[in-house]
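Residue 39 is where the sequence shown starts when you use the numbering used here, and the numbers rise one by one after that. Every residue gets a Cβ at the ideal spot worked out from N, C-alpha and C, and that includes glycine.
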Amino acid sequence: MFSLQKIFLEFPGKILFDHISLLINERDRVGLAGRNGAGKSTLLKIMSGLEKSYKGTLVFPKEKSVGYLVQERSFQGKDTVFNEALKAFAELNEWRKKAEATGIEIATREDFESDSYLELAEKLHFINERISLLENIYNEASVEKVLKGLGFSREDFDRPLSEFSGGWQMRVELAKLLLSKPDLLLLDEPTNHLDIDSIQWLESYLKDYPGAIVLVSHDRILLDHISTRTIEIEFGKIYDYPASYSTYLTLRKERLEQMLAEKKNQEKEIQANEALIERFRYKASKAKMVQSRIKMLEKMDRIEIEDTDTSSINFRFRPASESGKIVLEAQNASKTYGSHLVFGNTDFIIAKNERIAFVGKNGEGKSTLVKMIMGKIDFDGTIKTGHNVQIGYFAQNQIENLDQKLTVYETLEDVADAEIRPRLRGILGNFLFSGEDIDKKVSVLSGGEKTRLALARMLLQPVNFLILDEPTNHLDMAAKDVLKQALLHFNGTLIIVSHDRHFLSGLSMRIFEFRQKKIIQHHFNIEELLEFNENRIIEEEKQQNSIGGEKSQSENKQKYLEKKERDRQIRKLEKDIHKCEERIATLESELVILEQKLSNADMISTNENFDDISIQYAETSEKLNDLLQEWEKFHDALSKL
């Protein structure tokens with residue numbers, strides 16, 4: 039077990055942790071929750087040993103290891119990707135060094151029958167047994183598995199790490215951490231530089247991880263699938279929920295409602311005591327009583343509640359004139375950089391009010407196609423926009439276009455018309471800018487704050503075709519929810535590039551998948567695509583070890599379509615059962631009332647008679663029996679499926 043006891047940490051003007059205590063068991067799956075700046079990353083740094091300016095005690099077993107993935111770091115290594123990943127096996131390498139040193143020492147000895155020689159031989163035997171054990175855990179096959187899971191191809195293994203971008207270098211760092219298998223794994227935003235395929239692989243890997251995990255992430259699906267415990271940091275305190283993230287949100291809402299009621303009662307008590315103190319402050323006979331009340335108020339633990347309730351956030355796009363039926367049309371569109379083909383010839387038509395997601399691995403061409411649509415880069419083929427199309431475009435580097443000298447409020451005021459200007463403070467509040475925040479200069483904002491401001495600024499413009507390239511980068515869950523709700527109510531055409539599965543869920547019913555230099559168009563939602571690709575990966579692995587790949591692929595597709603149809607039937611039956619149960623409950627309530635009337639003549643009204651009620655009772659009973667039979671039929675069908 040890993041224990042934190044009475045941790046206190048204070049920054050200028052703010053208590054981050056107010057004597058908090060926490061216990062983590064060896065197989066715990068903990069998700070850390072809280073607003074930006076609440077202290078989630080700092081708590082991980084304390085647990086990893088990087089942050090030492092706290093008071094309190096860490097009680098970690100000496101034989102247990104701790105591994106920590108930071109959000110960002112710089113790389114200077116010149117090794118290849120594979121050799122860099124091999125450095126994860128530090129423990130094995132240390133034992134091998136011990137074996138080498140002990141072997142050299144034995145080779146120089148001639149006192150073969152002495153106790154010290156026998157002890158040395160036993161030591162070497164123990165070391166070799168330890169090496170043998172570790173080699174079963176730490177081996178090159180596991181390196182290949184993890185690197186491929188995180189998106190590297192075999193061709194990448196021998197490339198120098200310096201050739202890769204910072205995001206891909208972070209993947210190698212994550213691979214090293216996973217391969218080292220620490221007893222306590224601390225992950226701070228591990229999906230920041232991952233695509234959907236890699237996120238799915240990481241999720242699967244973490245489910246079977248042998249140690250404890252503490253995770254900070256804005257990926258709600260990852261948290262839901264991994265965490266079984268959620269710890270919220272709020273006003274220097276922690277609240278421990280034995281639940282996944284989504285369940286925690288429900289429990290948190292109940293806790294806040296209870297705290298709000300307690301706060302109101304406390305405020306009434308405070309007001310009553312303050313009134314009493316003011317009334318008798320100058321009466322000598324009441325001095326003792328007044329001092330007692332003053333001390334009581336000073337010692338009172340005031341209830342504090344988060345001032346932002348994200349469930350009440352609401353924002354709507356400004357209406358724009360309608361576009362033509364065809365918004366975008368591409369013919370033989372392709373892109374190459376020198377001899378490097380990004381993707382080959384592709385044709386597509388995007389119709390009015392379609393919602394399309396671009397998904398795929400990093401570097402496969404998602405942002406490239408967006409830039410082609412916007413006319414930012416040259417390409418082969420043609421891409422044409424339709425009649426009266428008004429485009430709103432959010433690029434990955436959108437925050438760089440903000441004027442650093444303006445304030446938050448001035449940034450929106452600069453593009454707002456007379457109609458929208460009176461609502462600017464409310465809109466900024468929806469994007470989590472409140473109070474003094476709106477007077478801050480853009481230059482002092484964090485990356486997440488700049489992203490939120492850039493989104494708010496873009497959404498002020500009336501458009502009928504939105505193109506968003508990774509709009510959720512740097513956004514916390516509250517800000518993502520704001521944007522998603524706005525997009526769900528957007529009355530226009532949408533293209534969105536994102537790796538966030540929860541964010542994409544419900545936003546698109548058509549997907550452009552960028553894979554192996556092709557753009558594959560699916561009439562799927564994101565959940566169906568993920569399921570389809572999971573089946574595809576399984577089938578590809580089977581094909582590598584068997585003959586008849588084409589037949590297997592066809593069978594796999596048929597199985598997927600059959601499963602999809604079965605799932606549809608199940609959903610329909612569940613819906614029918616629910617409606618049936620609602621109707622049964624209504625009829626049962628009606629029968630109770632009719633029975634009461636039949637057994638008590640006084641309950642019969644002047645415009646009713648006993649015979650009519652008897653007939654009504656019989657008809658209702660018959661309807662109820664029919665419904666019960668129908669309910670049984672639905673359940674039988676559901677159980678067969």
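- Under DSSP, the beta-bridge partners assigned to R548 are I394.
- Straight through space, the alpha carbons of A313 and E305 are spaced by roughly 12 Å.
- In the three-state reduction of the DSSP assignment, Q43 falls in the strand class, which pools E and B.
- With contacts defined as CB atoms closer than 7 Å, L636 and T658 fail to qualify as a contacting pair.
- Restricted to the stretch 408-454, the beta strand (DSSP E) segments that are unbroken, complete and at least 3 residues in length are 418-423 and 429-432, listed in chain order.
- As summarised for the stretch 507-555, the continuous alpha helix (DSSP H) elements at least 4 residues long and confined to that stretch are 515-526 and 539-542, given in chain order.
- For G403, the closest of E551, F273, A299 and G473 by C-alpha to C-alpha distance is E551.
- The three-state secondary structure of L61, taken from DSSP, is strand.
- The C-alpha of S86 is placed about 7 Å away from the C-alpha of G105.
- In this structure, I564 sits near R539, with a CB-CB distance shorter than 7 Å.
- In the three-state reduction of the DSSP assignment, R267 falls in the strand class.
- Between the C-alpha atoms of S236 and E572 there is a straight-line separation of about 12 Å.
- Restricting attention to H537, H512, P509 and K326, the CA atom closest to the CA of Q238 is found in H537.
- For A517 and P220, the gap between their C-alpha atoms comes out near 33 Å.
- Bounds of any alpha helix (DSSP H) do not take in Y92, whose DSSP letter is neither H nor E.
- The three-state secondary structure of F49, taken from DSSP, is strand.
- Annotation: G485 to G51 spans about 23 Å, alpha carbon to alpha carbon.
- Look at L107 here: in three-state DSSP terms it is strand.
- Between I622 and L666 a beta carbon distance of about 7 Å is seen, short of the 8 Å cut, so the two are scored as contacting.
- In the DSSP assignment, G486 falls within the unbroken alpha helix (DSSP H) covering G485 to M496.
- Scanning R290, V482, S103 and N468 for the CA closest to the CA of K522 turns up N468.
- For the 7 Å CB-CB criterion, K399 and G189 form a contact.
- Between T118 and S255, the alpha-carbon positions lie close to 29 Å from each other.
- Boundaries of the alpha helix (DSSP H) harbouring K671: F648 to K678, taken from the DSSP string.
- Within the DSSP secondary-structure output, F55 pairs in a beta bridge with L47.
- Take S543, set aside five residues on each side of it, and the residues of its chain with a beta-carbon closer than 7 Å to its own are I564 and E565, in chain order.
- Beta-bridge partners assigned by DSSP to Q238: none are found.
- Between the stretch 452-467 and the stretch 523-532 there are fewer than three C-beta pairs closer than 8 Å, too few to call the two in contact.
- Here N502 is near S361, since their CB atoms are less than 7 Å apart.
- Runs of alpha helix (DSSP H) with 4 or more residues, each lying fully within the stretch 197-225, are found at 204-218, listed in chain order.
- Assignment of T384 by DSSP, reduced to helix, strand and coil, places it in the strand class.
- Annotation: I251 to R574 spans about 29 Å, alpha carbon to alpha carbon.
- For A71, the enclosing beta strand (DSSP E) has its first and last residue at R67 to A71.
- For K186, no beta strand (DSSP E) run applies; the uninterrupted alpha helix (DSSP H) run containing it begins and ends at E178 to G187, by DSSP.
- Per the coordinates, the alpha-carbon of L216 lies some 53 Å from the alpha-carbon of E668.
- Taking the C-beta atoms as reference points, L47 is found no nearer than 7 Å to L224.
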